[in-house]
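Counting from 1, one number per residue, gives the positions in the sequence shown under the UniProt record's numbering.
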Amino acid sequence: LDDMRRVIDHLEEGWGRLADAATVRVVEMADYAAQRQQLGSGMPADAAALLNSAWLTGPESRVAKRLMQGHQVNRDTLRDLRASLAIAEGRAPDGLEDAPEGDARRRIRHLLQRAWTLLQSGESGRALALCEECLAIDVDSRAAYVMAGRVSLKARRPGRALAYFDSAIERLYDQPEAHLWRAAALGRLKRPDEAIAAAKLCSVQAPQDSRPLKLISSLYAKQGDWSLSGYYGQLSEVAVEQAATERSDPIPVILPDVDASAIAEFLRADQFGQRFDVETLQRPPAGRVAADDPVIVVSGLPRSGTSLMMQMLDAGGMFALTDGVRAADPSNPRGYFEYEKSLRLYEDNRWLAEARNRAVKIVAPLFPLLPQGENYRVVLMRRDIEEVIRS
């Protein structure tokens, strides 16, 4: 808290100095404009009148206005920081009663800050009213829906909370925070399977966050599945340790000594890269498998031809990695060539070694979970969207 207080004081002091410097510069520009006006007309002019009228229409005015705007104290940020500090210290925050007029985003942010403050103090009714006020300003405010859901959860109304979280996710699917709280609401509603699925989705979208892993562990424990509960509990501990390590051990920036003259000589002698060793460039980086052991990844929209491509690759000798769990049907009589493990990359990706020199279907949203160290060749199927819909 002492560090936070020092940061806030430093920001306030620094912004104050910049604002003072900008004010001095603007006054200097106003004086210059007044003098120019006097010289141009050949007649004496009142400096105050020029300051308030003539110079404001000149080219200097645009620069001055930008200068003042760029160096204003960010009072909203300071107010929010001081409110957070007060709550952490157990005090009632000051300056949160009057919401700013004008900009809707500023007003919503201010109201949500007040709602969060009231939520911390247990005043759920007033907090929810502020969230509804935000939604009256902007019905698509995702932050307002999430905050309203959190308030409803605190008020022990998980059904209403779930509706708020669903509304937030409808407006933007990639919201790990909304999925996390949605999982909590589903857990309160005694729907553990759906809660686990929502928490896993949050973990996919925010893989470094330990909270969804802890929630999954507790949900499995309530179901009596101690094996999976322990597994996800260990994963959450690893995530916490990794986060602590990243905070305590930042990556050092090492700038090597550079001989500028040697670089210049190299560029003059090798304008077209004659010295580049092609074999060296083609060699895979250390720790990666040889380039002749690629993993062929087939991906694309549903009904875009991914199964057909897998059939073609398999028939051509690039054997498909498939388990046959999804059986052929009238829509795809030759089979789907899917691999069940590919749908759980967020849990286990060690099986990718099995896919070397083979083809495997993987949906594109899971690409970020593919481990480094493999050589991938991606076949992305493209098909006219109208044909996809008709199919």
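In this text, a Cβ means the ideal position worked out from N, Cα and C, and glycines have one as well.
**Report entry** Residue(s) in a DSSP beta bridge with Arg-377
**Finding:** By 1-based counting over the sequence shown, the position of residue 377 is 377. BP columns for Arg-377 point to Ile-296.
Query raised in the report: Which of helix, strand or coil does DSSP assign to Ala-359?
Result: Against the sequence shown, residue 359 aligns to sequence position 359. Looking at Ala-359 - three-state DSSP - the assignment turns out to be strand.
Query raised in the report: Taking three-plus beta-carbon pairs below 8 Å as touching, is the stretch 331-345 in contact with the stretch 374-381?
Result: no
Query raised in the report: From what residue to what residue does the alpha helix (DSSP H) around Ala-206 run?
Result: Start at 1 with the first residue of the sequence shown, and residue 206 comes out as number 206. No alpha helix (DSSP H) holds Ala-206; DSSP gives it neither H nor E.
Query raised in the report: Candidates Arg-211, Tyr-220, Lys-222, Ile-216: which alpha carbon is nearest Val-240's?
Result: Numbered from 1 along the sequence shown, position 240 holds the residue referred to as residue 240. Taking only the C-alpha atoms, the option nearest Val-240 is Arg-211.
Query raised in the report: Does the Cβ-Cβ distance between Met-310 and Met-381 come in under 8 Å?
Result: Sequence index remark: in the sequence shown, residue 310 carries index 310 (1-based). Sequence index remark: in the sequence shown, residue 381 carries index 381 (1-based). It is not a contact, given that the beta carbons lie outside the stated cut-off.
Query raised in the report: Helix, strand or coil: which one does DSSP assign to Asp-166?
Result: Position 166 of the sequence shown holds residue 166. Of the three classes helix, strand and coil, the one that applies to Asp-166 here is helix, per DSSP.
Query raised in the report: Exposed or buried, what is Gly-324 when buried is set at 16 or more other beta-carbons lying within 10 Å of its beta-carbon?
Result: In the sequence shown, counting from the first residue as 1, residue 324 sits at position 324. It is exposed - the Cβ of Gly-324 has fewer than 16 other Cβ atoms within 10 Å.
Query raised in the report: Quick one: Cα of Gln-244 to Cα of Ser-391, how far?
Result: Position 244 of the sequence shown, counting from 1, holds the residue named residue 244. Position 391 of the sequence shown, counting from 1, holds the residue named residue 391. At residue 244 the sequence reads Ala, which differs from the Gln that was named. Whole-angstrom Cα-Cα distance: 49 Å.
Report task. Determine the burial state of Val-139: buried for a count of at least 16 other Cβ atoms within 10 Å of its Cβ, exposed for fewer. Result -> Position 139 of the sequence shown holds residue 139. Result: exposed.
Query raised in the report: Taking the C-alpha atoms as reference points, what is the distance between Gln-242 and Phe-165?
Result: Residue 242 sits at position 242 when you count from the first residue of the sequence shown. Residue 165 sits at position 165 when you count from the first residue of the sequence shown. Near 29 Å, if we compare the C-alpha coordinates of Phe-165 and Gln-242.
Query - Close Cβ partners of Leu-228 (< 6 Å) along its chain, the five nearest in sequence each way excluded - result: Translated into positions along the sequence shown, residue 228 becomes position 228. Here the set comprises Tyr-220.
Query - Counterpart residues of Asp-138 in DSSP-defined beta bridges - result: Indexing the sequence shown from 1 puts residue 138 at position 138. Asp-138 pairs with nothing; no bridge assigned.
Query - Rounded separation between Tyr-173 and Ala-148 - CA only - result: By one-based count along the sequence shown, residue 173 stands at place 173. By one-based count along the sequence shown, residue 148 stands at place 148. Tyr-173 and Ala-148: Cα-Cα distance of roughly 18 Å.
Query raised in the report: Among Leu-352, Ile-385, Ala-155, Arg-344, which one has its Cα closest to the Cα of Pro-365?
Result: One-based indexing of the sequence shown puts residue 365 at position 365. That would be Arg-344, whose Cα lies nearest to the Cα of Pro-365.
Requested in this report: Kindly give me the distance between the Cβ atoms of Val-388 and Ser-304, rounded to whole angstroms, as I take these residues to be in contact under 8 Å.
Outcome: By 1-based counting over the sequence shown, the position of residue 388 is 388. By 1-based counting over the sequence shown, the position of residue 304 is 304. With 8 Å as the limit, Val-388 and Ser-304 qualify as a contact, their Cβ atoms being about 6 Å apart.
Query raised in the report: Run through DSSP, which three-state label would Ala-327 get?
Result: To locate residue 327, count along the sequence shown from 1; it is residue 327. It is coil, neither helix nor strand.
**Report entry** Selection from Arg-142, Pro-176, Gly-122 that minimises the alpha carbon distance to Val-151
**Finding:** Start at 1 with the first residue of the sequence shown, and residue 151 comes out as number 151. When only C-alpha atoms are compared, the closest one is Gly-122.
Requested in this report: Would you kindly report the start and end of the unbroken alpha helix (DSSP H) that includes Gly-187?
Outcome: As a working mapping, residue 187 is identified with position 187 in the sequence shown. Its alpha helix (DSSP H) spans residues 176-188.
Query raised in the report: Quick one: Cα of Ala-161 to Cα of Ile-296, how far?
Result: In the sequence shown, the residue the question calls residue 161 occupies position 161. In the sequence shown, the residue the question calls residue 296 occupies position 296. For Ala-161 and Ile-296, the distance between alpha carbons rounds to 43 Å.
Requested in this report: Kindly indicate which three-state DSSP category Ala-155 falls into: helix, strand or coil?
Outcome: Here residue 155 refers to the residue found at position 155 of the sequence shown. Assignment of Ala-155 by DSSP, reduced to helix, strand and coil, places it in the coil class.
Query raised in the report: Do you know offhand how far Arg-383's Cα is from Val-363's?
Result: Locating residue 383 in the sequence shown gives position 383, where the first residue counts as 1. Locating residue 363 in the sequence shown gives position 363, where the first residue counts as 1. Going from the Cα of Arg-383 to the Cα of Val-363 covers about 16 Å.
Query - Minimum C-alpha distance to Ala-353 - residue among Leu-370, Ala-168, Pro-158 - result: Walking along the sequence shown from the start, residue 353 turns up at place 353. It is Leu-370 whose Cα lies nearest to the Cα of Ala-353.
Report task. Report the rounded CA-to-CA distance for Pro-158 versus Pro-302, giving the unit in angstroms. Result -> Translated into positions along the sequence shown, residue 158 becomes position 158. Translated into positions along the sequence shown, residue 302 becomes position 302. A direct Cα-to-Cα measurement between Pro-158 and Pro-302 gives close to 34 Å.
Query raised in the report: Among the residues of its own chain, which have a CB less than 8 Å from the CB of Trp-116, if the five just before and after it don't count?
Result: Here residue 116 refers to the residue found at position 116 when the sequence shown is read from its first residue. Counting only Cβ-Cβ distances below 8 Å, and skipping sequence neighbours, we find Ala-127, Met-147.
Report task. Quickly, what does DSSP pair Asn-332 with across the bridge? List them, please. Result -> On the sequence shown, position 332 is the one that residue 332 refers to. DSSP lists Asp-329 as partners of Asn-332.
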